[in-house]
Every structure is written in structure tokens, then in C-alpha cells.
Amino acid sequence: MRRERRAGTAVAIGPRIAGGVCACGDRDVRRTRHLANANPAKDEFRHVKFSAAFVSTAEALVYTSGSALRRDVSGPGYWVFAPAQLTTGGIVVINRGFVPEGRQDPATRAVATVTGTADFVGVMRWPESRGVFSAKDDPAHNLWFTRDPAGIATAKGWGEVAPFYVELESPQPSSGLPRAGPLTATLRNEHLQYAITWYGLASVVAVMFAYWLRGRAARAA
2 MRRERRAGTA VAIGPRIAGG VCACGDRDVR RTRHLANANP AKDEFRHVKF SAAFVSTAEA
62 LVYTSGSALR RDVSGPGYWV FAPAQLTTGG IVVINRGFVP EGRQDPATRA VATVTGTADF
122 VGVMRWPESR GVFSAKDDPA HNLWFTRDPA GIATAKGWGE VAPFYVELES PQPSSGLPRA
182 GPLTATLRNE HLQYAITWYG LASVVAVMFA YWLRGRAARA A
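Numbering (my numbering), first residue to last: 2 to 222.
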């Protein structure tokens, strides 16, 4: 059942990710009070384009061990979230992309941020729900474990932000980090991986049991 749900999710989001870019206008991103009208049921994974400028030096690190939607990303590492001021008013949080472990300090990334107003292309996403086993966020060390733009904005003093965030595709920073990139609708087949793992463990146990029986029979003789 879970496998079918995951396959259905991939089918549902595929056309949105692969679809043409929607220029964000009155309905999508005009002013912060209008952003709340965005609907995750129909707008999540929507391809969008808009003009904005990153707020200087503002960023938050969200830990990740990898991504099912980014083939070019393997953890551990961090998503770099940053607020961007729209030219039409309002603030949208942008996931600028991935940085590997050891490169979370902006000083290690040279020229890391697109400066000034620019045209951004990306995909609309909604916040993650905090899981039972999610680690506790650590604002004092600028470290988060769930992608929650409103929660991050509150802790960082960024003001009122859109209820969604944008996964950035372009432009890329000249330094190459954070690494932005397109999402794919192909979700990992964890069931196959689990099956292979458990089959391997069962085989090892069977072999060890056979050796144990052989040793016991030899001692009895």
C-alpha cells in the first residue's frame, strides 16, 4: 500500500515539476497578505518564476541526510534557507540549495549569494511536519531539522513570510555553493532496498545456523 501511495505521489507531482514556469503574479506572490491564499493541494511543486533580492547575510541551515527528489544530492549536509524580498512586496523563503558537511560556514563558500535583484526560477513547496523522532531545532547554532519557513523566520527575526518556500533551480551562485538544482518526481524504491537487506541478513543467519549444526553433530560423534 505504501509503495502504491509513493508511486501515486510521483505521478501527481511529475506534471507540476516538469510543467512550464508560471510567472508569479497577483495570485501567487504579490504581497505577503496575498501569499496565504496559495493552496498546497494545487500549488505544491508548482514551477514558478519571480523577481526578488536576497536579504544580505541572512540564512538558516536545515540538516539533511539526502534527498529523494534531488538526484545530485547525497548527505550528510545542509539546505541553506534564506529570505528574499519580492520586488512587488512580501518575503518568500528560498531553499538556495545544498552544501555538504564542512561547508556550512558561509566563509568557506567564497561568493555564495546572488546579489541584488534577480529573476529566480524554482518550485513551490510547503513545510514539513515534525516527526516523532525529529531532532530538536537549535536556533542558537543556526541549525534546524525540519523545513519550516515560518518557524525559522520567527526564530531568526525575518518577519512575516509566505506559508510556502521555494526550491531554487536558478540562478546558481558563482561559487557553486549552495548547489541549487531541479527536482525529479522519481522517488526512491525503499521497499526493494529493504527486501535486499533482509534477504541478505536471512542468508547470513541460515549459513551460521548450518555451521552451528555441523559443529554440534561433529562434537556428538
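A virtual CB, placed ideally from N, CA and C, is assigned to each residue, including glycine.
Just so we're clear, the structure is a prediction, and the values are computed from it rather than from any experiment.
Query                                                                                                                                                                : Result
On a Cα-Cα basis, can you pick out the residue from Y79, P172 and R71 that is closest to F99?                                                                        : Y79
Given a cut-off of 8 Å on the beta-carbon distance, is the pair P172 and A119 in contact?                                                                            : yes
Output needed for E1: all residues of its chain with C-beta closer than 6 Å, excluding positions within five of it in sequence on either side, in chain order.       : Absent from the structure is residue 1, since the part of the chain shown begins at 2 and ends at 222.
Evaluate V1 with the Cβ neighbour count: other Cβ atoms within 10 Å of its Cβ, from every protein chain shown; 16 or more gives buried, anything less gives exposed. : A query on residue 1 cannot be resolved here, the shown segment of the chain reaching from 2 to 222 and no further.
According to DSSP, S67 sits in a beta bridge with which residue or residues?                                                                                         : The amino acid occupying residue 67 in the given sequence is Gly; Ser does not appear at that position. Answer is S75.
What residues in its chain sit with their C-beta under 6 Å from that of D149, if we drop five residues either side in the sequence?                                  : P128
How far does the alpha helix (DSSP H) with K50 in it extend, from its first residue to its last?                                                                     : Note, K50: premise wrong, no alpha helix (DSSP H); beta strand (DSSP E) at H48 to F55.
Assign L214 to one of three DSSP states: helix, strand, or coil.                                                                                                     : helix
Is F146 closer than 8 Å to A136 when the C-beta atoms are compared?                                                                                                  : yes
Can you check DSSP and say which residues form a bridge with Q86?                                                                                                    : A54 and I92
From A39 to G117, what does the alpha carbon distance come to, in whole angstroms?                                                                                   : 26 Å
Less than 8 Å between the beta carbons of R47 and V162, yes or no?                                                                                                   : no
With distance defined between alpha-carbon atoms, name the residue in G152, S130 and Y166 nearest to D139.                                                           : G152
Would you check whether the ligand FAD has a heavy atom nearer than 7 Å to the C-beta of P41?                                                                        : Absence of the ligand FAD is noted for the structure shown, with no ligands found whatsoever.
Go to A1, then tell me how far its alpha helix (DSSP H) extends in each direction, as first and last residue.                                                        : This structure does not reach residue 1, given that the chain is present from 2 up to 222, and the question cannot be answered.
Find out if the Cβ-Cβ distance for the pair R126, Y166 is shorter than 8 Å.                                                                                          : yes
From S66 to I92, what distance separates their C-alpha atoms?                                                                                                        : 28 Å
Could you pull out every residue in the same chain whose Cβ sits closer than 6 Å to the Cβ of D44, ignoring the five residues on either side in sequence?            : M125
Just verifying my parser: in three-state terms, what is the DSSP assignment at P128?                                                                                 : coil
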